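Here the structure is laid out as structure tokens; the discussion comes afterwards.
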Amino acid sequence: MREAEAAREMAWEQLHSGPWNSVLPIWRDAYSMAGLPVARFHCAGGQFSEAIRVLDMGLIMGGLALRKDLESAVEKASAMARNLRVSEGGGEGVAQAQCLLLPQQFKDAEALPVESLSRKIVAKRSALSLEDFLRDYFLSGSPVTISDCMAHWPARTKWNNMDYLKMVAGYRTVPVEVGKNYLCSEWKQELITFSQFLERIQSSDSSSDGPTYLAQHPLFDQACLTFHQGCSMMEVVGKKYVRLYPASISEDLYPHSESMLSNSSQVDLDNIDMNKFPKVRDLEFMDCILEEGGMLYIPPKWWHYVRSLTRSFSVSFWWSDCRGSPES
């Protein structure tokens, strides 16, 4: 055990010895490999949550060589943790009175950006056929919201149940982003368990550092930016305000000059500096409230600003053509 911990610590130091893209892949694989015996030791001692934390860190920070081994170990440790919870009287969680992620009554949303919902509203269709979608929106590069397309998703109810979420993933370690968006100087990342994340967002004064978000990659919510691929945003729980600017006016949105941020605007729509960004005032845009159960299609290279109006879950799908370039 001590040898494995020492090897894991050595690999961890190498992972933080310089820029992430300069870390040799062998050190990422070494970090994953050393975590497996450490996790087995914790499982043998009944410390399942600690074992899962070690394995999740291997999945987040480690390489690809042992990914299947880590995922298999996580499944086994999670099953043992659930069995222990049931044997101790914790139950399965879902059969009891539900603690909802999104309460029936929720406080009013914050003020939206100036002129919100006063211009052109994104077209809304119900039960849109594939042929109609391709003809009327995809080929013309036009946004559209589609309702009544997710009623069969089990996640529509399960993801709004706090007990269910904690039961299936509460022990898992996840990366979260804290702050308004990734362009703000106060923005930071943390590694916490999923249960801790749920408890944090459930509290109205959860963090003095700003909103907390969970995403697998750097979160772009509440920042004005463009997708280089086609995107469909599915609102599973809660609702969001979305504003869209067409690709044709990209330069008037003052994108960052740095290549890594070139798909992000310098403009803060919540507090626009008209002296610095005078063109923004007269730009045409479309917007909408994406309601629970709705889907929003965002054409390639369109800019978008998103604000959560309630606690919410959304799933986004991106796609390109078979050559790997954005569809036209």
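Heads up: the sequence shown begins at 1126 in the working numbering, then just goes up one per residue. All C-beta atoms in this analysis are idealised placements derived from N, C-alpha and C, irrespective of residue type, glycine included. None of the values given here were measured: they were computed from a predicted structure.
- Contact between the region 1313-1327 and the region 1188-1202 is not established, with fewer than three Cβ pairs separated by less than 8 Å.
- The region 1272-1282 makes contact with the region 1358-1370: 3 or more CB pairs, one atom from each, lie closer than 8 Å.
- Assigned with DSSP and collapsed to three states, V1179 falls in helix.
- Counting every other CB atom within 10 Å of its CB across the protein chains shown gives E1302 a total of 16 or more, marking it as buried.
- By the CB criterion at 7 Å, H1381 and S1389 fall inside the cutoff.
- When rounded, the separation of the alpha-carbon atoms in L1408 and K1291 is 44 Å.
- For E1138, the enclosing alpha helix (DSSP H) has its first and last residue at 1127-1140.
- In the structure shown, C1356 adopts extended strand secondary structure according to DSSP, grouped into three states.
- DSSP, read as helix, strand or coil, puts Q1327 in helix.
- Separation of Y1289 and R1368 (C-alpha to C-alpha, rounded to the nearest whole angstrom) is 32 Å.
- In the DSSP annotation of this structure, the continuous segment of the beta strand (DSSP E) that includes D1412 starts and ends at 1411-1415.
- Looking at L1209, C1224, Y1262, the one whose alpha-carbon comes closest to that of Y1422 is Y1262.
- Here the region 1396-1414 makes no contact with the region 1435-1446; the two share fewer than three CB pairs at distances below 8 Å.
- Distance between E1256 and W1427, taken at the CA atoms: about 22 Å.
- The C-alpha of G1188 lies about 15 Å from the C-alpha of M1135.
- Cβ-Cβ distances below 8 Å link L1195 to S1157, G1160, L1161, L1180, G1183, L1184, G1187 in the same chain, with the five nearest sequence neighbours on each side left out; the list follows chain order.
- Taking every protein chain shown into account, the CB of N1208 has fewer than 16 other CB atoms within 10 angstroms, so this residue is exposed.
- Between the alpha carbons of R1210 and V1293 lies a gap of roughly 12 Å.
- Counting the other Cβ atoms within 10 Å of the Cβ of F1442 gives fewer than 16, which makes it exposed.
- In this structure L1191 is buried. Its beta-carbon is surrounded by 16 or more other beta-carbon atoms within 10 angstroms.
- Looking at the DSSP output, E1315 shares a beta bridge with V1301.
- If you draw a straight line from the Cα of L1316 to the Cα of R1260, it comes to about 44 Å.
- Around F1402, the same chain offers Y1379, Q1391, V1392 as residues with beta carbons nearer than 8 Å, after the five sequence neighbours per side are excluded.
- Between I1414 and Y1366, the C-beta spacing is below 7 Å.
- Scanning the region 1245-1296 for uninterrupted alpha helix (DSSP H) segments of 4 residues or longer gives 1255-1258, 1280-1283, 1287-1294, listed from N- to C-terminal end.
- Counting only residues of its own chain and dropping the five nearest sequence neighbours on each side, I1246 has a CB closer than 8 Å to the CB of M1411, D1412, C1413.
- In the assembly as shown, R1178 is a buried residue. Its beta-carbon has 16 or more other beta-carbons within 10 Å.
- I1151: member of the alpha helix (DSSP H) spanning 1150-1169, first to last residue.
- Within the same chain, and ignoring the five residues on either side of W1145 in sequence, no residue has its Cβ closer than 7 Å to its Cβ.
- If you compare the alpha carbons of R1153, E1213, A1131 with that of L1140, the shortest gap goes to R1153.
- Here M1420 is bridged, per DSSP, to I1271, M1359.
- The DSSP-derived three-state label of S1382 is coil.
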